[in-house]
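Peer 1: Heads up: the sequence shown begins at 43 in my numbering, then just goes up one per residue.
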Amino acid sequence: FVSCVSGSAQFMTFMPQTIEVLSGSCVTIPCSFDVVDRYKSNVDETCKALWKYDQTVVFDSSNPQTRGHLTGNLKNRDCTTTLNNMKPENSKKHFFRLECNNDPKYDFTTRQVDISVTDVPPTPTLTPSTLKVKEGTSVSLKCSAPAPCLSHPPALTWSSSLGHIQESLQENLDRTKVQTSVLTFTASHLHHRLEISCTAVYNIQDGSSQSVSTSLTADISCELIFPPKNTTVSVHPSGPVSENSRVTLTCSSTANPAVRSYTWYKADGGREDKIGTGNVLDITASEVSATFFCKAENDFGAGRSNTRQIEWSLVSDVNCHLDLSPFVHQLLIQKVSETARSEIVVPGEGLLSIKS
Numbered sequence: 043f044v045s046c047v048s049g050s051a052q053f054m055t056f057m058p059q060t061i062e063v064l065s066g067s068c069v070t071i072p073c074s075f076d077v078v079d080r081y082k083s084n085v086d087e088t089c090k091a092l093w094k095y096d097q098t099v100v101f102d103s104s105n106p107q108t109r110g111h112l113t114g115n116l117k118n119r120d121c122t123t124t125l126n127n128m129k130p131e132n133s134k135k136h137f138f139r140l141e142c143n144n145d146p147k148y149d150f151t152t153r154q155v156d157i158s159v160t161d162v163p164p165t166p167t168l169t170p171s172t173l174k175v176k177e178g179t180s181v182s183l184k185c186s187a188p189a190p191c192l193s194h195p196p197a198l199t200w201s202s203s204l205g206h207i208q209e210s211l212q213e214n215l216d217r218t219k220v221q222t223s224v225l226t227f228t229a230s231h232l233h234h235r236l237e238i239s240c241t242a243v244y245n246i247q248d249g250s251s252q253s254v255s256t257s258l259t260a261d262i263s264c265e266l267i268f269p270p271k272n273t274t275v276s277v278h279p280s281g282p283v284s285e286n287s288r289v290t291l292t293c294s295s296t297a298n299p300a301v302r303s304y305t306w307y308k309a310d311g312g313r314e315d316k317i318g319t320g321n322v323l324d325i326t327a328s329e330v331s332a333t334f335f336c337k338a339e340n341d342f343g344a345g346r347s348n349t350r351q352i353e354w355s356l357v358s359d360v361n362c363h364l365d366l367s368p369f370v371h372q373l374l375i376q377k378v379s380e381t382a383r384s385e386i387v388v389p390g391e392g393l394l395s396i397k398s
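1. I'd like to check one pair, Y95 with K134: are the Cβ atoms closer than 7 Å?
2. For V78, I'd like the list of residues in its chain whose CB is within less than 8 Å of its CB, leaving aside the five on either flank, ordered along the chain.
3. Can you find the residues in the same chain that come closer than 6 Å, C-beta to C-beta, to D310, ignoring five residues on each side of it along the sequence?
4. Compute the minimum distance between the beta carbon of P146 and the heavy atoms of the ligand FMN, and state whether it is under 6 Å.
5. Leaving out five residues on either side along the sequence, give the residues of the same chain with a beta carbon under 6 Å from the beta carbon of K176.
6. Return the residue from the list S201, N245 and H231 that minimises the CA-CA distance to A300.
7. Would you mind working out which of P130, M57, C73 and E209 sits nearest V63, comparing C-alpha positions?
8. Let me make sure I understand the geometry here. Which of A91, A327, V181 and K337 has the alpha-carbon closest to that of S284?
9. Using the Cα positions of S210 and G343, report the straight-line distance between them to the nearest angstrom.
10. Since S276 contacts T292 with CB under 8 Å, what's their CB separation in whole angstroms?
11. Note down the Cα distance separating T199 from T241, rounded to an integer number of angstroms.
12. Using 8 Å as the Cβ pair cut-off and three pairs as the minimum, do the stretch 189-196 and the stretch 67-82 touch?
13. Identify which residue in V162, R235, F137 and V220 has its Cα closest to the Cα of V155.
14. Taking only runs that begin and end inside the stretch 147-223, name each unbroken alpha helix (DSSP H) of 4 or more residues, in chain order.
15. Using the rule of at least 16 other Cβ atoms within 10 Å of the residue's Cβ for burial, across every protein chain shown, is N340 buried or exposed?
16. Assign S74 to one of three DSSP states: helix, strand, or coil.
17. From which residue to which residue does the beta strand (DSSP E) around C121 run?
18. According to DSSP, simplified to helix, strand and coil, what is E131?
19. If I'm right that S32 touches K271 with Cβ under 8 Å, what's the distance once you round it to whole angstroms?
20. Return the Cβ separation of T167 and S182 in integer angstroms, given the expectation that the two are a contact with Cβ distance under 8 Å.
21. In the DSSP assignment, find the unbroken beta strand (DSSP E) run with C142 in it and report its ends.
22. Give me the Cα-Cα distance between I157 and M128, rounded to the nearest whole angstrom.
23. Take G114 as the anchor and find which of L140, T151 and K184 has the nearest alpha-carbon.
24. Taking its Cβ as the centre, do 16 or more other Cβ atoms sit within 10 Å of S280, making it buried, or is it exposed?
25. Can you tell me where the beta strand (DSSP E) holding V301 begins and where it ends?
26. On the criterion of 16 or more Cβ atoms from any shown chain inside 10 Å, does V162 qualify as buried, or is it exposed?
27. Out of curiosity, what's the CA-to-CA distance linking A197 and V243?
28. Please report the residue range of the beta strand (DSSP E) in which I325 lies.
29. Can you tell me which of T152, V289 and G318 puts its alpha carbon nearest to the alpha carbon of F75?
30. Using C-beta distances below 6 Å, list every residue in its chain close to E353, excluding the 5 sequence neighbours before and after it, in chain order.
31. Taking only three categories from DSSP, how would you classify D27?
32. Give the secondary structure of S276 by DSSP, where H, G and I count as helix, E and B as strand, and everything else as coil.
33. Here's a check: name, in chain order, each residue in its chain whose Cβ is nearer than 6 Å to the Cβ of L92, leaving out the five neighbours to either side.
34. For the candidate residues C336, K90, F335 and H206, whose alpha-carbon lies nearest to that of S180?
35. In angstroms with no decimal places, state the Cα-to-Cα distance between T222 and S104.
36. Measuring alpha carbon to alpha carbon, tell me which residue in R288, S287 and T274 is nearest F335.
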């Protein structure tokens, strides 16, 4: 909106250049004026305010039948007026006229307010429109919507209750009003890529309780910056594996910016030996007991996984011949467990257990 000065150097009005209003609602026109010095003492309680477009009077403060009311005090040069139940056919340029019992009687026609009546409510704005912050930073988002009808300002709601909300009615430079709602919260990695929207609900001022709403989905990617979190190791295959078989370890982590390096370690008592890099590590299972873990790093820190131990089992198909004089028996090693204990079946003699 642009504030305008109208008339000669002495007869002047100050009002917005344009106002957009929802059909069926009211519009409050901020207005002030000045007159030549010789008439200033005549501007008193006998004066009345009129609003016109072309030669049509749409409001007369002395006539209670006209649709609207004068909210300003003419004695204070305040001609602020509210017009009710605006319709699309009222989309015209309006000007102010002052009539007093004693002069002046004057049309302030040089500058007029262009009122635009629409069937669609004004769209709220969200600032900032983009958001890139570090985790833990305090964030404030401001939703604003024009409030052309002061008796029915829009109600603003947020799609997500992320934190504290504070509402207020603020004034622009041209004295039009805007309803604002400020959402304040602490940025978390849980908000990453969260879509945040603000909705403005305008109540219709034509005697009914009907309401209309509009929403703005902010084009916000909460680019939260955080070190690697939830770092985990997955093992494939997942169950016990045979000796010397291949095992694939995969390191995963959540981070922004993305993880730039993965490092693998083997833990043995108090020692931690680096054994590889990259998010995938291929190893050979062996009977040597070992635990593994990975580290994920980006520019803002590192995350470490829990340790993982590879479960292995040894299966042998070797046939052994033992001379248990005076009998020779063929012995079958059926299974060697993780503790490397062997069960040896001796036909006719029952079950022997030996350690290999």
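Beta carbons are placed, not taken as given, at the ideal position from N, Cα and C, and that holds for glycine.
From a predicted model like this one, the values you see are computed outputs, not experimental measurements.
Peer 2: With the structure as the only source:
1. Here residue 134 refers to the residue found at position 92 of the sequence shown. Here residue 95 refers to the residue found at position 53 of the sequence shown. Yes, these two residues count as a Cβ contact at 7 Å.
2. Translated into the one-based positions of the sequence shown, residue 78 becomes position 36. Q52, F53 and P146, listed in sequence order.
3. Locating residue 310 in the sequence shown gives position 268, counting from the first residue. Hits under 6 Å: none found.
4. As for the ligand FMN, it is missing from this structure, which has no ligand bound.
5. Taking the sequence shown and counting its residues from 1, one reaches residue 176 at position 134. Within the same chain, K176 has close Cβ partners I267.
6. One-based indexing of the sequence shown puts residue 300 at position 258. When only C-alpha atoms are compared, the closest one is H231.
7. Mapped onto the sequence shown, residue 63 falls at position 21. Nearest of P130, M57, C73 and E209 to V63, Cα basis: P130.
8. The sequence position of residue 284 within the sequence shown is 242, counting from 1. Nearest of A91, A327, V181 and K337 to S284, Cα basis: A327.
9. Your numbering for residue 210 matches position 168 in the sequence shown. Your numbering for residue 343 matches position 301 in the sequence shown. S210 and G343: Cα-Cα distance of roughly 40 Å.
10. For the purposes of this step, residue 276 is identified with residue 234 of the sequence shown, where counting begins at 1. For the purposes of this step, residue 292 is identified with residue 250 of the sequence shown, where counting begins at 1. The pair is a contact, with the Cβ atoms about 5 Å apart (cut-off 8 Å).
11. As a working note, residue 199 is residue 157 in the sequence shown. As a working note, residue 241 is residue 199 in the sequence shown. Near 5 Å, if we compare the C-alpha coordinates of T241 and T199.
12. yes
13. Here residue 155 is taken as the residue at index 113 of the sequence shown, counted from 1. That would be F137, whose Cα lies nearest to the Cα of V155.
14. none
15. Taking the first residue of the sequence shown as 1, we reach residue 340 at position 298. By the neighbour-count rule (16 or more Cβ atoms within 10 Å), N340 is buried.
16. Counted from its first residue, the sequence shown places residue 74 at position 32. Strand at S74.
17. Here residue 121 refers to the residue found at position 79 of the sequence shown. Run containing C121: none; DSSP gives neither H nor E here.
18. In the sequence shown, residue 131 corresponds to position 89, counting from 1. In the structure shown, E131 sits in a helix (DSSP, three-state: H, G or I).
19. The requested residue 32 is not part of the displayed model; the chain covers only 43 to 398.
20. Indexing the sequence shown from 1 puts residue 167 at position 125. Indexing the sequence shown from 1 puts residue 182 at position 140. Wrong, their Cβ atoms sit about 15 Å apart, outside the cutoff.
21. Locating residue 142 in the sequence shown gives position 100, counting from the first residue. No beta strand (DSSP E) holds C142; DSSP gives it neither H nor E.
22. Residue numbering aside, residue 157 sits at position 115 when the sequence shown is read from its first letter. Residue numbering aside, residue 128 sits at position 86 when the sequence shown is read from its first letter. So the two alpha carbons sit approximately 10 Å from each other.
23. Taking the first residue of the sequence shown as 1, we reach residue 114 at position 72. Checked all of L140, T151 and K184; the closest Cα to G114 is L140.
24. Locating residue 280 in the sequence shown gives position 238, counting from the first residue. Label assigned to S280: exposed.
25. Indexing the sequence shown from 1 puts residue 301 at position 259. Unbroken run through V301: none, as it is neither H nor E.
26. Taking the first residue of the sequence shown as position 1, residue 162 is located at position 120. By the 10 Å Cβ count, V162 comes out exposed.
27. The residue you call residue 197 lines up with position 155 of the sequence shown. The residue you call residue 243 lines up with position 201 of the sequence shown. If you take the alpha carbons of A197 and V243, they lie about 5 Å apart.
28. Position 283 of the sequence shown holds residue 325. Run containing I325: V322 to T326, per the beta strand (DSSP E) assignment.
29. As a position in the sequence shown, residue 75 is number 33, starting the count at 1. Comparing Cα-Cα distances from F75 to each of T152, V289 and G318, the minimum goes to T152.
30. For the purposes of this step, residue 353 is taken as the residue at position 311 of the sequence shown. For E353, where only same-chain residues beyond five positions count, the Cβ hits under 6 Å are P282.
31. What the structure shows of the chain is the stretch from 43 to 398, and residue 27 is not part of that stretch, so it cannot be assessed.
32. Your numbering for residue 276 matches position 234 in the sequence shown. In this structure, S276 counts as strand in the three-state DSSP scheme.
33. Along the sequence shown, one-based indexing puts residue 92 at 50. Excluding sequence neighbours, L92 sits near V99, D102 and R139.
34. As a position in the sequence shown, residue 180 is number 138, starting the count at 1. The option with the nearest alpha carbon to S180 is H206.
35. Walking along the sequence shown from the start, residue 222 turns up at place 180. Walking along the sequence shown from the start, residue 104 turns up at place 62. Whole-angstrom Cα-Cα distance: 35 Å.
36. As a working note, residue 335 is residue 293 in the sequence shown. Measuring from the Cα of F335, the nearest candidate turns out to be T274.
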